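Novice: At position 7 of the sequence shown the residue is numbered 512 (this note's numbering), and the sequence of numbers has no breaks. Ideal Cβ positions, reconstructed from N, Cα and C, are used throughout, including at glycine. Here the structure is a predicted model, which is why all the values come from computation and not from measurement.
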Amino acid sequence: MKTADQDWKVANHLFEKGDYSYALFFGHLTIEKIVKAIFTDKNEQTPPFSHNLVYLCEKAGIELDDQKLELLEEISDFNLEARYPDDKFSFYKKCTIGFTKNKLKQIRVLREWFLQKL
Numbered sequence: 506m507k508t509a510d511q512d513w514k515v516a517n518h519l520f521e522k523g524d525y526s527y528a529l530f531f532g533h534l535t536i537e538k539i540v541k542a543i544f545t546d547k548n549e550q551t552p553p554f555s556h557n558l559v560y561l562c563e564k565a566g567i568e569l570d571d572q573k574l575e576l577l578e579e580i581s582d583f584n585l586e587a588r589y590p591d592d593k594f595s596f597y598k599k600c601t602i603g604f605t606k607n608k609l610k611q612i613r614v615l616r617e618w619f620l621q622k623l
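#1: Do A565 and I539 have their C-beta atoms within less than 7 Å of each other?
#2: Which residues in the same chain as E578 place their Cβ atom closer than 7 Å to its Cβ, once the five residues preceding and following it in sequence are excluded?
#3: Among residues of its own chain, excluding the 5 on either side of N517, which ones have a beta-carbon nearer than 8 Å to its beta-carbon?
#4: Apply the 10 Å Cβ neighbour rule to S581 and answer buried if 16 or more other Cβ atoms are within range, or exposed otherwise.
#5: Given this structure, state the Cα-to-Cα distance separating T535 from G603, to the nearest angstrom.
#6: Report all residues from its chain with a CB closer than 6 Å to the CB of Y629; omit the five preceding and five following residues, and keep chain order.
#7: My understanding is that F530 touches F583, with C-beta atoms under 8 Å, so please give their C-beta distance in whole angstroms.
#8: Buried or exposed: where does T601 fall if 16 or more other Cβ atoms within 10 Å of its Cβ makes it buried?
#9: Please state whether the Cβ-Cβ distance between P552 and T545 is less than 7 Å.
#10: Comparing alpha-carbon positions, which option in N607, L615, W513 and E537 lies nearest D570?
#11: Should L507 go down as buried or exposed, given a rule of 16 or more other Cβ atoms within 10 Å for buried?
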């Protein structure tokens with residue numbers, strides 16, 4: 506959980522510095538690490554090697570409503586779009602200050618919801 510907290514701080518720092526695509530990438534890492542911690546708490550084993558947040562939630566036995574499911578699918582894409590050259594440029598263009606601020610707010614709400622499950 507310590508690294509998830511650090512990643513959340515980095516996400517916010519990157520946002521403040523105007524590095525919006527990587528702020529969202531670190532937002533994804535934050536959620537991924539919390540979900541994996543929930544999985545580990547419930548199963549007492551190593552979580553699956555995946556960055557797909559919906560898949561990880563399914564494996565952790567976390568029930569999601571449609572709104573959370575849709576948001577997690579979108580956040581999972583941040584991991585790919587920020588890392589791979591084919592997607593990186595279009596993702597970079599999409600990551601305006603307004604878009605990123607809105608998504609980080611949504612990630613913050615999800616983060617708090619997941620933390621209550623630990």
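Specialist: The short version:
#1: no
#2: V559
#3: A528 and L609
#4: buried
#5: 20 Å
#6: Since the displayed the chain opens at 506 and closes at 623, residue 629 lies outside it and no answer follows.
#7: 6 Å
#8: exposed
#9: yes
#10: L615
#11: The question names Leu, but residue 507 is Lys in the sequence shown. The residue is exposed, with fewer than 16 neighbouring Cβ atoms inside 10 Å.
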